[in-house]
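Residue numbers for the sequence shown follow my numbering, so the first one is 1 and each next one is one higher.
Ideal placement from N, C-alpha and C gives every residue a C-beta, glycine not left out.
Fair warning: this is a prediction, and the values are worked out from it, not measured in the lab.
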Amino acid sequence: MKVQIGNSVFTATLEENEAVNALIEMMETPVVIEMSDYSGFEKVGPLGTSLPTSNSQTTTQAGDIVLYNGNQIVIFYGSNSWSYTRLGHINDLTGWEEALGSGDVTVTFSLD
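Written as structure tokens, this is what we have:
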């Protein structure tokens, strides 16, 4: 999957689960999400629909992409422990924190 933030494009390896299958179906066209900074370690944005969940207690790391509450995408530049459904992970974090910045961002998720 491609993850674009401004002019920066990253690739992510997706997990194999029902939530990812549903997200892939949504990405027939790019999925654009307005994301807000939360607590200085993640960006959170509404997906606009609910995906199937398979939540488990998880300690995240920078580059993780997860589903929260079934209807919000969270991307991490720090770490947190919570119950999430894993969606994927950014392959190369070079420039990741700089691209996310300190405020709100628009993130586009699309298939290669």
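Consult DSSP for residue i and reduce its assignment to one of helix, strand or coil.
i     : result
Ala19 : helix
Ala62 : coil
Glu42 : strand
Glu34 : strand
By Cβ distance, which residues of its chain are closer than 7 Å to residue i, with the 5 residues on each side in sequence left out?
i     : result
Thr53 : Ala19, Leu67, Gly70, Thr85
Trp82 : Thr58
Leu23 : Leu51, Leu87
Thr13 : Gly88, His89, Asn91
Glu15 : Arg86, Leu87, Gly88
Ser56 : Ser83
Within its chain, find whatever has a CB closer than 6 Å to the CB of residue i; leave out the 5 residues flanking it on each side and keep chain order.
i     : result
Thr60 : Phe76, Ser79, Asn80
Phe10 : Val3, Ile90
Pro30 : Thr108, Ser110
Gly45 : Ile33, Glu34, Met35, Ile73
The alpha helix (DSSP H) spanning residue i covers which residue range?
i     : result
Glu98 : 96-100
Please classify residue i as buried or exposed, where buried requires at least 16 neighbouring CB atoms within 10 angstroms.
i     : result
Gly48 : exposed
Asp64 : buried
Glu42 : buried
List the endpoints of the continuous beta strand (DSSP E) containing residue i.
i      : result
Gly103 : Gly103 -> no beta strand (DSSP E), and no H or E assigned at all.
Gly48  : Taken as a continuous stretch (DSSP letters only), Gly48 belongs to no beta strand (DSSP E), as it is neither H nor E.
Leu14  : 8-14
Tyr84  : 81-90
Return the chain-ordered list of same chain residues with a C-beta closer than 8 Å to the C-beta of residue i, the five sequence neighbours on each side being excluded.
i     : result
Glu97 : Ala62, Tyr77
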